[in-house]
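Below is one structure; the comments refer to it alone.
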Amino acid sequence: EAAVTQSPRSKVAVTGGKVTLSCHQTNNHDYMYWYRQDTGHGLRLIHYSYVADSTEKGDIPDGYKASRPSQENFSLILELASLSQTAVYFCASSSQGSYAEQFFGPGTRLTVL
Amino acid sequence: QEKVQQSPESLIVPEGAMVSLNCSFSDSASQSIWWYQQHPGKGPKALISIFSNGNKKEGRLTVYLNRASLHVSLHIKDSQPSDSAVYLCAVSITGYQNFYFGKGTSLTVIP
């Protein structure tokens, strides 16, 4: 079965600090995605990647950077964490683009104080 | 304007009931529609997808797509307490490499 893991599973960060969320997939998928989920907003796409060493902006990229050093790994970086970035973050992978099933990780709960 | 809207926001039904969930989307250039199930504290998991106008059945699940009215519905037959979860509708748009998700419908099945 497809496997996507995320670390850490939860994190408390201070405003202005740097936060890195990591994602690892063993599906041999080309596409990887970072979403945030907030009450009242549903899942929103932050960044995605379809090949190693390249990332693309999603719908809400401001305040976030992404890094894809290999096919298996995809990181989300918050250089200056803010209160508004408190949310649950999900990583996902898929074999193809917009019409293929996405396999999600378990999520990371981030609280910025 | 939200690209994907789901209704109802929440639903409580007795075990064994037929459940109907609705999803409307704003872009007629949609390619595919997926339904995901999300249990508390977990990531979403794909349940069923549909690409063409009409219906598709898999086990207790049936999905209906009407592209003319930009509407898709998911029906769960003989609902079980284990079906209690949030159901997310995801729509892909031609030219975009991602899905747009609705806010979800929270389903509770009472034993």
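If you read the sequences in order, they're chains A and B.
Heads up: the first sequence begins at -10 in our numbering, then just goes up one per residue.
Heads up: the second sequence begins at 770 in our numbering, then just goes up one per residue.
Ideal placement from N, C-alpha and C gives every residue a C-beta, glycine not left out.
Note that the structure is a prediction, hence the values are computed from the model and not measured.
Against chain B, a Cβ distance below 8 Å from E90(A) picks out W803, A815, S818.
Contact between Y37(A) and E45(A) holds, with the beta-carbon distance rounding to 5 Å and staying under 8 Å.
Under a 10 Å Cβ-count criterion, G6(A) is classified as exposed, with fewer than 16 other Cβ atoms of the shown protein chains found around its own Cβ. Of all residues in the stretch 848 to 868 of chain B, the ones placed with a Cβ closer than 9 Å to any Cβ belonging to chain A are L857, A859, S861, I862, T863, G864, Y865, Q866, N867, F868, in chain order. Against Q800(B), the close residues of chain A are S87, Y88, in the order they occur along the chain (beta-carbon pairs closer than 8 Å).
By the rule that beta-carbons nearer than 8 Å mark a contact, Y78(A) does not touch chain B.
The alpha carbon of N822(B) has as its nearest neighbour, out of F870(B), G810(B), V832(B), P809(B), the alpha carbon of V832(B).
Q91(A) sits away from F820(B), with the two beta carbons spaced by 8 Å or more.
Of the candidates Y88(A), L32(A), T100(A), T28(A), the residue whose Cα lies closest to the Cα of L72(A) is T100(A).
With a threshold of 8 Å between beta carbons, K846(B) makes no contact with chain A. Under the DSSP assignment, A854(B) falls in the beta strand (DSSP E) whose first and last residues are 854 to 862. Under the Cβ criterion of 8 Å, F870(B) is counted among the residues facing chain A.
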